[in-house]
Amino acid sequence: MMAGITRREWVKRGAMAGVGMVTAAAMPCLGQAAGTPGSEKTGVGAGSLKEHAEAKRLPVGAAVNMALLRGDETYRRVLAEQYNMVVGENCMKWAALRPTAETFKFDEADELVSFAEQHGMQVRGHNLCWHEQLPAWFAGAVTKENAAKVLTDHIATVAGRYKGRIHSWDVVNEAVWMKDGRPDGMRSSSPWYELLGPAYLEVAFRAARAADPGALLTYNEYGIEYDEPEEQGKRAAVMALLKRLRETKGPGGRPLVDAVGVQSHLKTANIAKLGEGIREFAGKARKMGLQVFVTELDVDDDSLPDEEALQQDRDVATVYGHYLAQMLQERSVTAVLTWGLADGQSWLQGEKSRVKHPQRMQRPLPFLVDENGTYRAKPAYFAMRDAVDGAKRR
Ligand code: XIL
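In this note's numbering, the protein residues as written are 26 to 419.
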């Protein structure tokens with residue numbers, strides 16, 4: 026933090042530096058009476074992100090925080106104006122859906138799906154099987170003997186409840202972790218692996234296909250975007266896993282997997298190592314018959330030194346533009362979602378991602394809520410919209 030400036034002032038100046046990048050006319054104050062041009066009636070501006078995306082038949086979405094969806098009318102309005110896809114940031118995870126081993130709690134997930142349907146938006150389901158955000162009762166109640174049944178029943182109930190209403194399910198999340206040291210890269214420290222071995226993926230994908238044959242079954246992963254040794258190794262392990270899942274036939278004689286989610290938690294550092302390798306990966310996925318979704322895009326700017334902090338928004342937008350321009354040249358990339366809507370709401374505000382600059386606000390997302398509660402589109406928003414305009418489609 027620079028001496029003599031309060032955090033509030035710092036954030037404000039950061040905001041000014043960011044918004045200064047675009048002209049006032051191109052800077053919609055979304056969610057206010059002024060709105061975007063032509064938005065009086067429908068609330069959808071002529072220049073909305075989703076209109077640009079629809080012209081390319083490319084869904085664009087954001088991860089939704091249920092407390093905000095319930096409590097912030099402007100949040101709801103901006104989501105519906107700008108996006109045509111949503112994913113629950115937490116509300117479809119085990120910890121949210123499973124208060125006890127015997128019960129399910131669907132109120133939040135139901136609300137998300139009905140919000141989406143009311144506004145003609147598609148829904149991604151996230152997620153059915155992950156080593157994190159498992160409920161507290163899990164460890165005591167799930168054993169090697171019952172794990173396959175517990176997993177299958179969970180998926181049958183959850184994916185079954187929303188059958189026909191989900192664009193794609195993240196069936197398995199983050200199953201590869203090179204540091205566990207296995208040659209195939211599987212995360213052997215996951216409770217699911219410990220209980221069922223590598224076969225747990227197949228159990229999950231089979232159950233998901235049976236429960237909702239209309240949803241695109243997705244394998245979702247992070248840490249595969251950069252062209253540096255660790256991520257290149259993980260990317261190769263993910264590709265091998267996808268190949269195995271693709272070659273295995275499940276219910277209806279269909280391959281187990283339809284799509285790969287590239288989480289895309291990016292950073293301002295190392296932009297030169299971003300783009301080529303992951304685009305090639307998307308090309309290989311296409312040749313295997315898979316779609317590719319950018320599922321959790323955001324940009325961590327903790328690497329920026331304080332002197333550059335006032336340019337945070339510009340540097341973040343540069344990463345958005347550079348990455349999406351690459352990815353959207355590849356026709357297999359068929360959906361783009363950011364992990365949240367506005368900076369202050371991002372999971373990156375947590376201590377874990379503010380290591381070098383604990384006092385500085387991260388600015389990872391397309392919007393910023395200003396002091397009046399107005400959602401302002403940031404340079405990242407325009408970088409994303411421009412990249413969508415440039416997308417190469419079929
Ligand atoms: C994160 C949420 O954003 C946080 O609110 C929560 O506390 C932890 O999980 N990869 C994923 C997401 O697949 O589910 C994670 O979401 C972010 C990393």
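We treat Cβ as the ideally placed atom computed from N, Cα and C, and that holds for glycine.
- Our two residues, Asp252 and Gly302, have alpha carbons roughly 6 angstroms apart in a direct line.
- When distances are taken from the beta-carbon of Glu114 to the heavy atoms of ligand 1, the shortest one is below 6 angstroms.
- Leu241 is a Cβ neighbour of Ser193, given a cutoff of 7 angstroms.
- Gly150 is not a Cβ neighbour of Leu362, given a cutoff of 7 angstroms.
- By the Cβ rule, the region 225 to 242 counts as touching the region 265 to 280, because three or more pairs are nearer than 8 angstroms.
- Listed in chain order, the alpha helix (DSSP H) runs fully inside the region 204 to 283 are 216 to 221, 225 to 236, 254 to 272, counting runs of at least 4 residues.
- Between Gly286 and Ala88, the C-beta gap is not smaller than 7 angstroms, which leaves the two residues out of contact.
- Asp338 and Leu329 do not touch by the CB rule: their CB atoms are close to 11 angstroms apart, not below 8 angstroms.
- Annotation for Val197: Cys154, Leu226, Ala229, Tyr244 place their beta carbon closer than 6 angstroms to its own, counting only its chain and skipping 5 residues before and after.
- The shortest C-alpha to C-alpha distance from Pro216 to any of Met203, Leu94, Ser378, Thr168 is the one to Thr168.
- Take the alpha-carbon of Lys417 and the one of Leu104: they are about 25 angstroms apart.
- Closest in C-alpha terms to Val413, from the list Tyr345, Ala367, Asp331, Lys381, comes Tyr345.
- With distances taken between CA atoms, Met203 lies nearest to Gly248 out of Gly248, Leu267, His156.
- When secondary structure is reduced to three states using DSSP, Gly398 falls in the coil class, being assigned neither helix nor strand.
- Per the DSSP secondary-structure output, Met110 pairs in a beta bridge with Gly86, Gln147.
- A residue is called buried once 16 or more other Cβ atoms fall within 10 Å of its Cβ, and Asp135, having fewer, is exposed.
- Taking a contact to require three or more Cβ pairs closer than 8 angstroms, the region 176 to 196 and the region 206 to 214 do not qualify as touching.
- Checking the 6 angstroms criterion, the Cβ of Trp372 is within range of a heavy atom belonging to ligand 1.
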